[in-house]
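**Q**
In this note's numbering, the protein residues as written are 10 to 300.
Written as structure tokens, this is what we have:
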């Protein structure tokens, strides 16, 4: 059965949205990236509260780790054993290696954003003890179906939200502003290009540029269910909390009969700044065959 997970944009939203989803994903400050907010260690008690309500709890440890992060990473991975979490998303292979070293009991979920694109690699990680994969947003719906048919890993698919398009460890925006002696207060900026506006985060982890449009695959929710995707994810990044809360409520009440009306309402709430991402866009690039 397909479960609905949300990435809340504020701590307050956890209580506001919990009744309309099957679980939540959180990031931990210093070890997670590309999330609306990050919890502190003392906030891990949230896991206990959510599990009491029979909700799934996942933690993102999806930072590309440096050597100086490893000590803290090991500490956190040990600490997470004390909480009833359902899995940890990872980008860096150090998480897998530490998982083996520490003999952790919670599942690991491969989450390398632009790289989780095929069943072969899913099954490679399965052979290393990984239990799930958060699929890339750069693949088509047909490719999602193909991966589902060729791996029995638990699969996660983003169904709604702004998508990270580009990452750099460099502070691209702040370096530019400082070079021209311009104000660089804050971490969130915007790039306007060819009539589109792209949100940019330049923080301690570097620079991330997000999509100008919100991925809205709510209309495909029942397709994801039919092909047995285990989890669909809705991300509250860069959205007004009240708007995102309303959208989550709408999805929770969606049926085959009212789907069209709800999808139209969601488009309106997003000011029609939505698209389907790459779900129906095949790549124009092909692998060149050897002679």
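Ideal placement from N, C-alpha and C gives every residue a C-beta, glycine not left out.
Just verifying my parser: in three-state terms, what is the DSSP assignment at residue 274?
**A** Here residue 274 sits in helix by DSSP.
**Q** Quick check on residue 217: does DSSP put it in helix, strand or coil?
**A** Looking at residue 217 - three-state DSSP - the assignment turns out to be strand.
**Q** Taking residue 221 as the reference, which of 257, 252 and 281 has the closest Cα?
**A** That would be 281, whose Cα lies nearest to the Cα of residue 221.
**Q** With three or more beta-carbon pairs closer than 8 Å as the criterion, would you say the segment 153 to 170 touches the segment 124 to 137?
**A** Result yes; three or more Cβ-Cβ pairs closer than 8 Å.
**Q** Report the CB separation of residue 166 from residue 233 in whole angstroms; it is logged as a contact under 8 Å.
**A** That belief holds up - the Cβ atoms of residue 166 and residue 233 are roughly 6 Å apart, short of 8 Å.
**Q** Do you know how far the Cα of residue 265 is from the Cα of residue 19?
**A** Cα to Cα, residue 19 sits roughly 30 Å from residue 265.
**Q** In chain order, what residues of the same chain lie with their CB nearer than 7 Å to the CB of residue 248, ignoring the 5 residues before and after it?
**A** Only 18 meet the Cβ criterion.
**Q** What runs of the beta strand (DSSP E), each 3 residues or longer, lie entirely inside the segment 154 to 238?
**A** Those beta strand (DSSP E) runs which fall completely within the segment 154 to 238 and span 3+ residues are 163 to 170, 173 to 177, 197 to 202, 205 to 212, 215 to 219 and 223 to 225.
**Q** Which first and last residues belong to the alpha helix (DSSP H) in which residue 82 is found?
**A** That run of the alpha helix (DSSP H) goes 79 to 89.
**Q** Have a look at 86, 103 and 100 and flag the residue whose alpha-carbon is nearest the alpha-carbon of residue 113.
**A** Selected option, being the one with the closest Cα: 86.
**Q** Can you tell me where the beta strand (DSSP E) with residue 36 in it begins and where it stops?
**A** Start and end: 32 to 37.
**Q** Exposed or buried, which one is residue 56 when buried takes at least 16 other CB atoms within 10 Å?
**A** So residue 56 counts as buried.
**Q** Which term fits residue 142, buried or exposed, when burial requires 16 or more other beta carbons within 10 angstroms of its beta carbon?
**A** Buried.
**Q** Measuring straight from C-alpha to C-alpha, what distance separates residue 209 and residue 217?
**A** So the two alpha carbons sit approximately 6 Å from each other.
**Q** Mind checking whether residue 291 and residue 149 have CB atoms under 8 Å apart?
**A** Result yes, Cβ atoms of residue 291 and residue 149 sit closer than 8 Å.
**Q** What's the gap between the Cα of residue 250 and the Cα of residue 172?
**A** Distance between the alpha carbons of residue 250 and residue 172: 17 Å.
**Q** Run the CB neighbour count on residue 269, radius 10 Å, all protein chains shown included, and call it buried at 16 or more, exposed below.
**A** When all chains shown are included, residue 269 counts as exposed.
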